[in-house]
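Novice:
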Amino acid sequence: MGKRNLRFVVVVSGNLLSCLPMNILIENHDTCEYLTPAGQWTKNPLDGKRFPATTTAFRAAKLEAIGKFNIVCHIPATNQFINLDHGRGKGLPELGVGTSAGSPA
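For reference, each letter of the sequence shown is one residue, going 550 to 654 in the working numbering.
1. Given a cut-off of 9 Å on the beta-carbon distance, is the pair Lys598 and Leu574 in contact?
2. Short check: CB of Phe600 to CB of Gly636, under 9 Å?
3. Note down the Cα distance separating Lys617 from Thr591, rounded to an integer number of angstroms.
4. Please report the residue range of the beta strand (DSSP E) in which Arg637 lies.
5. I'd like the list of long-range same chain contacts for Glu576, defined as Cβ closer than 6 Å, with 5 residues on each side in sequence excluded.
6. In the structure shown, what three-state DSSP assignment does Leu584 receive?
7. Which residues in the same chain as Lys611 place their Cβ atom closer than 7 Å to its Cβ, once the five residues preceding and following it in sequence are excluded?
8. Relative to the C-alpha of Leu595, which residue among Ile624, Ala609, Ala614 is closest?
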């Protein structure tokens, strides 16, 4: 079987400098809060820690003490969000069968 070459063409109308700035953030799926540079959580996406790439954000999120997370792209000029990826951090332990949050395992 031969190799497949995939090619992508991006067509941009106008000046690239007019593209809106975008920020890649880690969002806590359960609280809709964003990780800050200080390691805290905030409801304000403008205060969130910005990552240079989705893979960098994903690796950082996997180390956070959270359950489910989303990697989102935030466009501040329009306050729009684009979901880019999701996963589960190392934090919240899974409850085993027959246990609950209030009882020992």
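Note that the Cβ used here is the ideal one computed from N, Cα and C, for glycine as well.
Specialist: If we stick to the structure as given:
1. yes
2. no
3. 16 Å
4. 629-637
5. Tyr583, Asn619, Val621
6. strand
7. Gly636, Gly638, Lys639
8. Ile624
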